[in-house]
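Report on the structure given below.
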């Protein structure tokens, strides 16, 4: 049987593994078991589905190359919610190929990129009957909700996961055949704010003007989070951040027009005198992710609701402490909540930013693999996103991750009509296979050459 | 067959006639035809369902008392949306009796109060074979969306609707057996604000800090509508309002504690130095009624959405011009929308405030009817709510309306678990019947005694 990557991806994306939604908990479990079965079919001898307090982790290992390095392959099989569902041109969990792209939730983030590694391993095992290095796979189902159970799992399976380098494909290249190695990720704090007013919903004619409306109070609280010039107004929000060096700033200074074009925005916004790339990768940010309250149907409703809610998140940079920033935000909310309403802030997730070595042998292997797969050397990039596992691998396992991304800027990750570029998918499989070969060819004392810090 | 008011109300409430929702358009039509059939069964000879551009109006007439006055009975058979649906203890469209209350959407506002008149007419026709005065009924299906087609209909059916006084039961009493005659209603402008940012939803990690988030921009716009002290910050918002006289202020100065208790609020909010009753009835207010945008499910989603929306409404007082206030709000929104996003303001409805004569014969008849039905004389009340028909009857037909309310402060109109007090329902039927008798007993030149203005 010849492997068919597009069919594999269509099957995988067809399982609605939305980790944030309790309604989809069974789908997340189905996706874990689909992936485990696919790993067994790829020829991996030791595959297990490990339960966590919420969604399972899929582990697999091939350790038949004694003396050779071990690569920890990480990816996530959970996906973002599809909201707004009406904005999808084709059903999010029934893939459709249009032109050279395959559409569906998770095609790029991260089922397609994860499959590059699974299919690369399968190809090597079929062609050679063995892998060039030892491989252990860890695929989780909670990345999109901040990997709340990963730290415990890493601790519990520390021996089983022992490796020399980790590799993860969940980041982006610059463009087709313009590969990029991401060397820093922002951290993230996920937050939910609820504002409570009257005991029940009220008629806004009868009570309008006499009670503080939770919708209004929520907007006032949210508005208090930023100064007019785009700076975050929360005292302590920027505390601890590592200044951007002039040398790095020079490298971060380009591409405002590209970023705006990709965003479909006409004008930039935010910190003055700082390039957009620097704003989104080297500075913390605070973004509102959702507002809910009162009447949301067609037409109007004369109501003052009993409560209103907002979801928002902070993106953190090196060397900020998520606990301190969370505390600063909570203090700001508490002191800005007027006595006429009550507020409650819940922390959904918290991950520190991470910086990765840019000169270690893992990077050398990745660069060579990209040249093989895409015919071009990679550039180094910072990313504004967060992959909690990369932070935790460094914190818990002392392991740096090679971010061998196969995403493209117009994949629409986290948005409706997410897609994956099929030529990049095929090249990604070749690159992932070559990466293992390149790691096998590294000098035997390479892992000790790692340093931790980014300049 | 003996009439059973509770069974009638249960049937009527069982039809989900939510006028704001396109999904319920057929239910609104069903409710109109149910009501027309019920009017025929009550013995009214001339009943018709008149189409409008949206929801129909039910007309009925009994004009067999030549030389006697004519009473125009108004009510509305449409209801507010049920949102939030999860907050209902029993299904909103399947009535349940608990204690001395019947629960369901529209039980009080306005199906129950409307039925008081229908059942009163039926009782008089059964007992006497005739009515003491001429009666024409106008029951509409668009009150909860601002009666957008009522003005045209009044103009078209001006002759058919000719009457000496209108009566409407869609307001509240102070407490059981403490009747009240409402003599002023606030006006209302229904508005919807949309804020547009990037072309599509964006990953908040990748773009957070570089593009203006529509959710944040919406909150900033909403927050700009009020000063910190509760005054509306829109220039021109208070323009044209009739000052509250010292004499009336003295009457409006009481009841802060009652209003807060009914609202389930601990602290008042709004204009300093003005009683809550005055704030909600003699001053304009601006209330946010709904917020929608981004991710609203469980957990988090790392998204900057392409747009965000808010519903809000202005309540107006005498002698404010809704067109001028709308213009003032639109100007404020336009000038406060930063160049980094676009905004759009839609006007859903607009109704001027109305003041009613407090000493005309219609009021005398109503006071006598209340004494008969409830054993107590009514007090005069201002209401903070809006009934567009009352404004339009004055503007188009030159007719004042007697607001013979049977609602109670804890009916929960517009809120989940709306209910109607059954003893008040029965007394309301007796009061509505007596009102027709009292009008019949008035001196024949009474209607010329009306003056329009409130002090």
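Chains as they are written, first to last, in the numbering used here: chain A, 1 to 455; chain B, 1001 to 1455. Glycine included, C-beta positions come from ideal geometry on N, C-alpha and C.
Non-local C-beta neighbours of residue 121 of chain A in its own chain, meaning closer than 6 Å and more than five positions away in sequence, comprise 42, ordered along the chain.
Under the three-state reduction of DSSP output, residue 93 of chain A falls in the coil class, being neither helix nor strand. Beta-carbon to beta-carbon, residue 1187 of chain B and residue 1386 of chain B are separated by about 6 Å, close enough to satisfy the 8 Å threshold.
Within the region 285-302 of chain A, the residues whose Cβ lies closer than 8 Å to some Cβ of chain B are 285, 286, 287, 288, 289, 290, 291, 292, 293, 294, 295, 296, 297, 298, 299, 300, 301 and 302, listed in chain order. Closest in C-alpha terms to residue 1106 of chain B, from the list B:1275, B:1439, B:1411 and B:1423, comes B:1411. Excluding the 5 residues flanking it on each side, residue 227 of chain A has same chain C-beta neighbours closer than 7 Å at 233, in chain order. By the rule that beta-carbons nearer than 8 Å mark a contact, residue 204 of chain A touches chain B. Distances from the CA of residue 191 of chain A to each of A:421, A:328 and A:178 were compared; the closest alpha carbon is that of A:328. Rounded to the nearest angstrom, the gap between the Cα atoms of residue 345 of chain A and residue 333 of chain A is 8 Å. Put simply, the backbone Cα of residue 322 of chain A is about 17 Å away from that of residue 1208 of chain B.
Collapsing the DSSP output to three states places residue 101 of chain A in a strand. In the DSSP assignment, residue 419 of chain A falls within the beta strand (DSSP E) that extends over 419-421. Beta-bridge annotation (DSSP): residue 329 of chain A is not paired with any residue. In summary, residue 198 of chain A is buried, with 16 or more beta-carbon neighbours lying within 10 Å of its beta-carbon over all protein chains present. Here the C-alpha atom of residue 164 of chain A lies approximately 31 Å from the C-alpha atom of residue 414 of chain A. The contact set of residue 1279 of chain B on chain A, defined by CB atoms closer than 8 Å, consists of 209 and 210 in chain order.
Within chain B, the residues whose beta carbon sits less than 7 Å from that of residue 81 of chain A are 1295, 1297 and 1301, listed in sequence order. Taking residue 378 of chain A as the centre and dropping the five residues before and after it, the same chain places the C-beta of 179, 180, 181, 367 and 370 closer than 6 Å to its C-beta, in chain order. At least 8 Å separates the CB of residue 328 of chain A from every CB of chain B. Less than 8 Å divides the Cβ of residue 1196 of chain B from the Cβ of residue 1306 of chain B. Taking residue 16 of chain A as reference, the option from A:175, A:244, A:143 and A:82 with the minimal CA-CA separation is A:82. Straight-line spacing of the CA atoms in residue 1013 of chain B and residue 1349 of chain B works out to 25 Å. If you compare the alpha carbons of A:118, A:304 and A:75 with that of residue 37 of chain A, the shortest gap goes to A:118. Between residue 1170 of chain B and residue 1266 of chain B, the alpha-carbon positions lie close to 28 Å from each other.
Using beta-carbon distances, residue 1263 of chain B counts as an interface residue toward chain A, with a partner under 8 Å. Shown here for residue 1124 of chain B: same chain residues with a beta carbon closer than 6 Å to its own, the five before and five after excluded, namely 1131 and 1433 in chain order.
Annotation for residue 1189 of chain B: the continuous beta strand (DSSP E) segment containing it runs 1187-1196. Residue state for residue 1111 of chain B is assigned as helix, using DSSP reduced to three classes.
For residue 1413 of chain B, the three-state secondary structure derived from DSSP is coil.
Residue-level contact by beta carbon fails for residue 1062 of chain B and chain A, as no gap is shorter than 8 Å. Distances from the alpha-carbon of residue 1049 of chain B to those of B:1314, B:1216, B:1175 and B:1077 put B:1077 closest. Of all residues in the region 1168-1197 of chain B, the ones placed with a Cβ closer than 9 Å to any Cβ belonging to chain A are 1172, 1185, 1186, 1188, 1190, 1191, 1192 and 1197, in chain order. Annotation for residue 1166 of chain B: 1072, 1074, 1393, 1399 and 1401 place their beta carbon closer than 6 Å to its own, counting only its chain and skipping 5 residues before and after. The shortest C-alpha to C-alpha distance from residue 391 of chain A to any of A:53, A:251 and A:150 is the one to A:150.
What residue 222 of chain A touches in chain B, judged by beta-carbon distance under 7 Å, is 1216 and 1219, going in chain order. Between the C-alpha atoms of residue 26 of chain A and residue 145 of chain A there is a straight-line separation of about 16 Å.
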